[in-house]
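Chains as they are written, first to last, in the working numbering: chain B, 1 to 155; chain C, 1 to 155.
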């Protein structure tokens, strides 16, 4: 991943892709997040997790989502900030201690706003992968993106 | 909120509602989460946030989601664990320092599995409210819920 300058609506096109850096999960991170936000045994205790739905310690889906956000913000910085309006999220597989995660993003749609000429809505498909190349999270997200400000001379 | 026993598929019906306890957000929590998962200035710095999209310090949407998960798990514990397959999430309004949040949940649909007779898929509408009664997060989520095990005598 190369560091890129913050992006305006004019910098984006449908089909454009961004690949994030990586984040390595471990059991301590999984348990710390779970203790605060999702205190269920399969996120907190290796032994108890073995007989659970997940068959072993697994991260909260919201932990995977939070890590994916970090990777996304770094890979595709939007001028003025990455502001999501929401979207659809699925977790086809759990994430595990030791997983090195990365995110691949693709611009699906760009809709300039009719009512607010300085911005538009961009739909992204952000996929989070584990080291086996399996998708552990799919997020189709809508994001507010601003147009590049006109310079006074150009006005 | 009264503490309830873990729920099986048979314990649920369409229209059933659950109300969570509360969680009070503060600036320190907002910044700590953002530093780890969503390091953008409007989540990290009160002064810089004033001129941002949010007009002041606001929590990451993923922070609101994580807090909402905690409140949901405590309000509606599912036997074997609250395992989400995914869903649609939107953040109509940001959450702010001082906000006392709570979650109201409603069972929208119950679909017994055709292929796996021991479980079903339950669709929930989970709304997170701020103290003004405004919805700050709407999540329509699908969740795996198990049937109550048959006792050997009944088999």
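Don't be surprised by glycine CBs; every beta carbon is placed ideally from N, CA and C.
Owing to the predicted nature of the structure, the values given are computational and were not obtained by experimental measurement.
Alpha-carbon spacing of residue i relative to residue j, whole angstroms
i, j, result
"residue 17(B)", "residue 124(B)", "10 Å"
"residue 68(C)", "residue 135(C)", "12 Å"
"residue 132(C)", "residue 90(C)", "18 Å"
"residue 93(B)", "residue 25(B)", "15 Å"
"residue 85(C)", "residue 19(C)", "22 Å"
"residue 147(B)", "residue 50(B)", "50 Å"
"residue 3(C)", "residue 75(C)", "7 Å"
"residue 5(B)", "residue 61(C)", "23 Å"
"residue 96(C)", "residue 116(C)", "43 Å"
"residue 23(B)", "residue 59(B)", "13 Å"
"residue 46(B)", "residue 141(C)", "26 Å"
"residue 9(B)", "residue 66(B)", "24 Å"
"residue 149(B)", "residue 112(B)", "14 Å"
"residue 105(C)", "residue 42(B)", "23 Å"
"residue 120(B)", "residue 145(B)", "5 Å"
"residue 32(C)", "residue 32(B)", "13 Å"
Under 8 Å between C-beta atoms of residue i and residue j
i, j, result
"residue 143(C)", "residue 82(C)", "yes"
"residue 57(C)", "residue 30(C)", "yes"
"residue 7(B)", "residue 78(B)", "yes"
"residue 103(B)", "residue 12(B)", "no"
"residue 64(B)", "residue 127(B)", "no"
"residue 44(B)", "residue 28(B)", "no"
"residue 53(B)", "residue 80(C)", "yes"
"residue 129(B)", "residue 108(B)", "no"
"residue 40(B)", "residue 73(C)", "yes"
Residue environment, residue i, which counts as buried when at least 16 other CB atoms sit within 10 Å
i, result
"residue 99(C)", "buried"
"residue 21(C)", "exposed"
"residue 38(B)", "buried"
"residue 48(B)", "exposed"
"residue 151(B)", "exposed"
"residue 55(B)", "exposed"
"residue 14(B)", "exposed"
"residue 118(B)", "exposed"
"residue 114(B)", "exposed"
Limits of the unbroken beta strand (DSSP E) element including residue i
i, result
"residue 18(C)", "17 to 24"
"residue 108(C)", "100 to 112"
"residue 146(C)", "135 to 146"
"residue 58(B)", "Where residue 58(B) is concerned, there is no enclosing beta strand (DSSP E), given that its DSSP letter is neither H nor E."
"residue 123(C)", "119 to 129"
"residue 88(C)", "83 to 90"
Start and end residues, alpha helix (DSSP H) containing residue i
i, result
"residue 71(C)", "61 to 75"
Proximity test, residue i beta-carbon vs the ligand MG heavy atom, cut-off 7 Å
i, result
"residue 48(B)", "Only the bare structure without any ligand can be found here, which leaves the ligand MG out of the picture."
| Can you list the beta strand (DSSP E) stretches of 3 or more residues lying completely in the region 27 to 51 of chain C, in chain order? | none
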